[in-house]
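Undergrad: Provided herewith is a single structure, encoded as structure tokens, for subsequent inquiry.
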Amino acid sequence: MLATKPYLTQADVQKILTAADQHAAKNNWAVTIAVCDDGGHLLGLARRDGCAPVSAYIAQEKARTAAMGKRESRVYEEIINNGRISFLSAPHISGMLEGGVNIEVNGFTIGAVGVSGVKSTEDAETAKAGIAAIL
């Protein structure tokens, strides 16, 4: 028998984007919020007014890195900062900065949220606020 796993619905994606956007608005943060599936494919994106255009790219890459790595993107930043700079040459991974948070349900990473636009700890806080809306 094949295994089954949970997945993000479009309704889930909208809840995440809305909750993360509300968190950012409450703190007056101009950020971009990206939600992707477990394969790193973009499912939704919201860019708040005043946010730097490059944040749309960075948020997607943070989400993609967290989803495909099945861990927060912060982990890769810590690995690099601790001297394992070879990670900088890892193929197809460019979001190795704090702010990407994987979404785990019943032991499965079903996707991730990436945020860019403010301090990296605030990016991660915003991503977690979005995820909390569905868990």
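Numbering that gives the first Met the number 0 puts the last residue of the sequence shown at 134; the count rises by one with no breaks.
C-beta atoms are modelled at their ideal positions from N, C-alpha and C, and glycine is treated no differently.
Values in this document were obtained by computation on a predicted structure and should not be read as measured data.
Taking Cβ to Cβ, would you say ALA111 is nearer than 7 angstroms to GLY99?
TA: For this step, residue 111 is matched to residue 112 along the sequence shown. For this step, residue 99 is matched to residue 100 along the sequence shown. Contact flag set, yes.
Undergrad: Can you tell me whether MET100 is helix, strand or coil according to DSSP?
TA: Counted from its first residue, the sequence shown places residue 100 at position 101. For clarity, residue 100 is Val in the given sequence; the question names Met instead. In the structure shown, VAL100 sits in a strand (DSSP, three-state: E or B).
Undergrad: Per DSSP, what kind of secondary structure is ALA65 in: helix, strand or coil?
TA: Stepping through the sequence shown from its first residue, residue 65 is reached at position 66. Helix, per DSSP.
Undergrad: Counting pairs of beta carbons, one from the stretch 111-124 and one from the stretch 55-63, are three or more of them closer than 8 angstroms?
TA: Output reads yes: the stretch 55-63 touches the stretch 111-124.
Undergrad: For ARG70, which three-state DSSP category applies?
TA: In the sequence shown, counting from the first residue as 1, residue 70 sits at position 71. Coil at ARG70, not helix or strand.
Undergrad: Rounding to the nearest angstrom, what Cα-Cα distance links LEU42 and VAL12 in this structure?
TA: Position 43 of the sequence shown holds residue 42. Position 13 of the sequence shown holds residue 12. Going by the C-alpha atoms only, they are around 7 angstroms apart.
Undergrad: Would you mind stating whether ILE15 and VAL114 have Cβ atoms separated by less than 7 angstroms?
TA: Counting from 1 along the sequence shown, the entry for residue 15 is found at position 16. Counting from 1 along the sequence shown, the entry for residue 114 is found at position 115. Cβ distance not < 7 angstroms, so ILE15 and VAL114 don't count as in contact.
Undergrad: Can you grab the Cα-Cα spacing for the pair VAL117 / VAL74, in whole Å?
TA: Working through the sequence shown from its first residue, we reach residue 117 at position 118. Working through the sequence shown from its first residue, we reach residue 74 at position 75. Between VAL117 and VAL74, the C-alpha separation is close to 19 angstroms.
Undergrad: Which one of ILE133, ALA132 and HIS91 has the shortest CA to CA distance from HIS40?
TA: The residue labelled residue 40 in the question sits at position 41 within the sequence shown. Selected option, being the one with the closest Cα: HIS91.
Undergrad: The beta strand (DSSP E) spanning GLY113 covers which residue range?
TA: Walking along the sequence shown from the start, residue 113 turns up at place 114. Note, GLY113: beta strand (DSSP E), 107-115.
Undergrad: From which residue to which residue does the alpha helix (DSSP H) around THR125 run?
TA: Counted from its first residue, the sequence shown places residue 125 at position 126. That run of the alpha helix (DSSP H) goes 119-131.
Undergrad: Measure from the alpha carbon of GLY68 to the alpha carbon of each residue in ASP37, LEU87, ASN80 and VAL104, then state which is nearest.
TA: For the purposes of this step, residue 68 is taken as the residue at position 69 of the sequence shown. Of the candidates ASP37, LEU87, ASN80 and VAL104, the one whose C-alpha sits nearest the C-alpha of GLY68 is ASP37.
Undergrad: Tell me which residue opens and which closes the alpha helix (DSSP H) that ILE15 is part of.
TA: The residue given as residue 15 occupies position 16 in the sequence shown. First-last of the alpha helix (DSSP H) with ILE15: 9-25.
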